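If you're matching positions, the sequence shown starts at 5 in my numbering and goes up one per residue.
Structure first, commentary second.
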Amino acid sequence: MAGSIGVVMTEVIRAGLVEEHKTTGPLRRFPQNMDESNGLIEVPSDALCESICDEIQALVPEDGQVEAIGVAMPGIIRNGVVEDSPNLPQLKGARVADSVQAGLKARGIQNRVSFFNDADAVAAGLAATRGHLDRLIRVWTIGNGIGFGRYPYAEGPWEGGHTVVTLDPKENYCGCGGRGHLEGIMGHRAMRLRFLDMEPDEVFAAAKKGDKRCMEFVERYHRALAAATATQIHLEGPGKFFFTGRDIQRLDLALLKQYLYEMVKMSPLQNYTLEVLPEDPALAVIGAAVAAGQALNP
């Protein structure tokens, strides 16, 4: 059976060949130099699509047999078009499907490519690797931006990171320009704007040492995530929520549970569970590949 290729673009591009819901070897990464991990924001969309094509080409087996190809990236992705992507703004309006398909065709690769939101790919990866493809999976991904992933896919933007969690008009740090958003509190970029004199990790370290300003922010950070999660519970019902991502080490699960308990009071909605997972880039790669296979065989 031919494998599938999954590609995920966030701060960097990662790609892998997937067989039976597992990667067959180490993930490819572009750029390889860790010092360039924030460099994609300066790369034009056409160049990003070419880099995606290069990573796919490098993973195609010698016999050329590939079952499916899936590409995941931040933002609202519909019909192969990035309608908006605040954390990679050069992609807004980009017809990534057309660009990648053309680039692959020029490289002799004829496979159709499917495109997804990166957080949705994480949710699909969790479902596949845990044998839960028959269940609802919801996941928050915590990094430069805040993603909300859902499996199975349901029509809609699902931009949970832009959930409004405060009415304070001063909360205007979200990259999309909106006020009161979850990402404007929890996002790495937003924290750097808020604390111009401290890096985000320094803020959390100072909070542990008793710095009042930092302690108040850490409380707001967890209350914001609890509010966004409570909103999802009130809209779609309880169940299991996963939390992962590059900056997951900042999350205090006990504190999150405390605030969420204060926000969800209707007894039919209280049978939710929360699980924190260390970041695993392979999850999104596997999820992109699995989702692509499902798109070809709905």
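Ideal Cβ placement from N, Cα and C applies to all residues, glycine included.
Just so we're clear, the structure is a prediction, and the values are computed from it rather than from any experiment.
By the C-beta density criterion, Leu95 is buried, having at least 16 other C-beta atoms within 10 angstroms.
Going by DSSP, Met13 is part of the beta strand (DSSP E) stretching over 8-13.
The beta carbon of Thr145 is closer than 7 Å to those of Ala123, Val126, Gly151, Gly153, Thr248, Gly249 in its chain, skipping five residues each way along the sequence. Your pair Ile73 and Ile81 does not check out as a contact, with CB atoms roughly 15 Å apart and the cut at 8 Å. Taking 8 Å as the cut-off, the Cβ atoms of Phe245 and Leu278 count as close.
With contacts defined as CB atoms closer than 8 Å, His166 and Gly182 qualify as a contacting pair. Across the structure, Glu66 and Leu52 are spaced so that their CA atoms are roughly 25 Å apart.
Here the stretch 229-240 makes contact with the stretch 257-268; the two share three or more CB pairs at distances below 8 Å. The beta carbon of Gly129 is closer than 6 Å to those of Leu287, Ala288, Ile290, Gly291 in its chain, skipping five residues each way along the sequence. Taking Ser8 as the centre and dropping the five residues before and after it, the same chain places the C-beta of Leu21, Val22, Glu23, Val70, Glu71, Ala72, Ile73, Gly74, Ala293, Val294, Ala296, Gly297 closer than 8 Å to its C-beta, in chain order.
Approximately 12 Å separates the beta-carbon atoms of Met77 and Val85; this is outside 8 Å, ruling out the contact. Around the beta-carbon of Thr28, fewer than 16 other beta-carbon atoms lie within 10 Å, marking it exposed.
For Ser103, the closest alpha carbon among the candidates Val169, Ile56, Arg33 is that of Ile56. Its Cα nearest to that of Pro242, the residue Tyr276 stands out among Arg217, Thr235, Tyr276. Cβ-Cβ separation between Leu255 and Val222: approximately 10 Å, too far for a contact (criterion under 8 Å). Around the beta carbon of His185, a 10 Å sphere encloses 16 or more other beta carbons of the protein chains shown; the residue is thus reported as buried. Ala158 and Lys213 have their C-alpha atoms spaced approximately 43 Å apart.
Taking the C-beta atoms as reference points, Thr133 is found no nearer than 8 Å to His238. In the displayed model, Gly249 falls within coil according to three-state DSSP, outside both helix and strand. Beta-bridge annotation (DSSP): Ile17 is paired with Met13, Phe34.
Between Val207 and Met195, the C-beta gap is smaller than 8 Å, which places the two residues in contact. Annotation for Gly107: Cys53, Glu54, Cys57 place their beta carbon closer than 7 Å to its own, counting only its chain and skipping 5 residues before and after.
A Cβ-Cβ distance of about 6 Å is found for the pair Tyr263 and His226, placing them in contact under the 8 Å criterion. Counting along the chain, Met202 sits inside no beta strand (DSSP E), nor does DSSP assign it H or E at all.
In the three-state DSSP reduction, Leu92 falls in the coil class, being neither helix nor strand.
Judged by DSSP in its simplified three-state form, Ala72 adopts coil rather than helix or strand. When DSSP states are grouped into helix, strand and coil, Met77 belongs to the strand group.
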